[in-house]
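Take a look at the structure set out below.
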Amino acid sequence: MPQIPPEAMRFGKLVLRVVGFGMFLFGAVFLLVGSWFGHDYYKVSKRWMPVDAEVVRSSVWEDPMRDSEGERIYQAEVEFRYIVGGQEYITSARSFIASKNRGQMEAKVRDYPPGSRRQIRFDPQNPGRISFDAEGDTGAVVLVVIFGGVGLLFTSLGLVMIVKFRSKRTVQCTSCGQFATAGQRFCPNCAAPLPIA
Ligand SMILES: [Zn+2]
């Protein structure tokens, strides 16, 4: 069996550990985004209160920033009039889901024509904060599941690689040149005592 020099072995393992660490970071970012979405979704659909509201205006909102591929991101922006605790609020909010597909957001805007009435949700701690489409949006749930799943997959794969390819120190037999794992007392090739690493 040809011997792989310990330097090459160590370098190979280092590369695999770096790859594993990259995968772990990639997964961690996905987990973070997923839990942020999930927390937002949970907060709005479970903690915010429903209220009947009238659509004042609706339009497609274009993000002035571009995404990492230089493409435009769109959201539906809808302004609502509603009453909480005897006080009237006029608040605009953007859709929970954003899209690169302007047509998708135009279709959403058409679902909210001015004068129509919708049930929206408001933050009981600040009734000026509203959400009109997070609840019942399967896209939001799918996003949470996808981001959470990809995040878990990559963080675990990354961790496994980091652990599996951690470097073991090696010692070289002074009699025959065989490499052995540090801590072994005798050469696996010629049984000569190995130097203490
Ligand atoms: Zn030996």
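Using my numbering, you'd call the opening residue of the sequence shown number 353 and step up by one each time. Glycine is no exception: its CB is placed at the ideal position from the N, C-alpha and C atoms.
Give me the Cβ distance between residue i and residue j, rounded to the nearest whole Å; I'm assuming they're in contact under 8 angstroms.
i	j	result
threonine 507	alanine 380	6 angstroms
tyrosine 441	proline 479	6 angstroms
methionine 513	leucine 377	Rounded, the Cβ-Cβ distance is 12 angstroms, inconsistent with contact.
threonine 526	proline 547	6 angstroms
Out of the options, which has the shortest C-alpha to C-alpha gap to residue i?
i	options	result
aspartate 404	Gln477, Arg470, Thr533	Arg470
arginine 409	Pro466, Lys395, Gly422	Pro466
histidine 391	Cys542, Val493, Lys460, Gln530	Val493
aspartate 419	Gly535, Pro402, Lys452, Ile442	Lys452
aspartate 463	Leu384, Ile498, Val430, Gly503	Val430
glycine 437	Ser468, Gln477, Lys398, Arg424	Gln477
isoleucine 498	Ser387, Leu546, Lys365	Ser387
serine 519	Ile356, Lys398, Lys365	Lys365
arginine 446	Phe373, Ser527, Glu414	Glu414
threonine 443	Glu406, Arg424, Glu423, Glu458	Glu406
valine 385	Ile435, Ile356, Leu504	Leu504
Counting only the same chain and skipping the five closest in sequence on each side, list residues whose C-beta sits under 7 angstroms from that of residue i.
i	result
arginine 454	Val412, Tyr426
phenylalanine 448	Ser483, Asp485, Ala486, Asp489, Ala492
aspartate 475	Trp400, Arg481
proline 358	Thr522, Phe531
proline 545	Arg537, Phe538
glutamine 355	Phe531
Measure the alpha-carbon distance for residue i versus residue j and round it to whole angstroms.
i	j	result
glutamine 524	leucine 511	30 angstroms
phenylalanine 517	valine 396	43 angstroms
lysine 460	tyrosine 393	19 angstroms
arginine 362	glycine 501	32 angstroms
leucine 509	alanine 450	30 angstroms
phenylalanine 432	proline 416	23 angstroms
alanine 360	alanine 543	25 angstroms
glutamate 458	lysine 398	28 angstroms
serine 468	glutamate 421	36 angstroms
Short of 6 angstroms in beta carbon distance, which residues of its chain neighbour residue i, apart from the five on each side in sequence? Order them along the chain.
i	result
glutamine 530	Cys539, Asn541
valine 515	none
tyrosine 434	Val403, Ala405, Tyr441
For residue i, count neighbouring Cβ atoms within 10 angstroms of its own Cβ and tell me buried if that reaches 16, exposed if not.
i	result
valine 370	exposed
methionine 375	buried
arginine 473	buried
glycine 535	exposed
leucine 383	buried
glycine 372	buried
Below 8 angstroms CB to CB, which residues in the same chain sit around residue i once its five sequence neighbours on both sides are set aside?
i	result
glutamine 456	Tyr426
phenylalanine 389	Ala492, Leu495, Val496, Phe499
glutamate 423	Lys452
glutamine 439	Pro479
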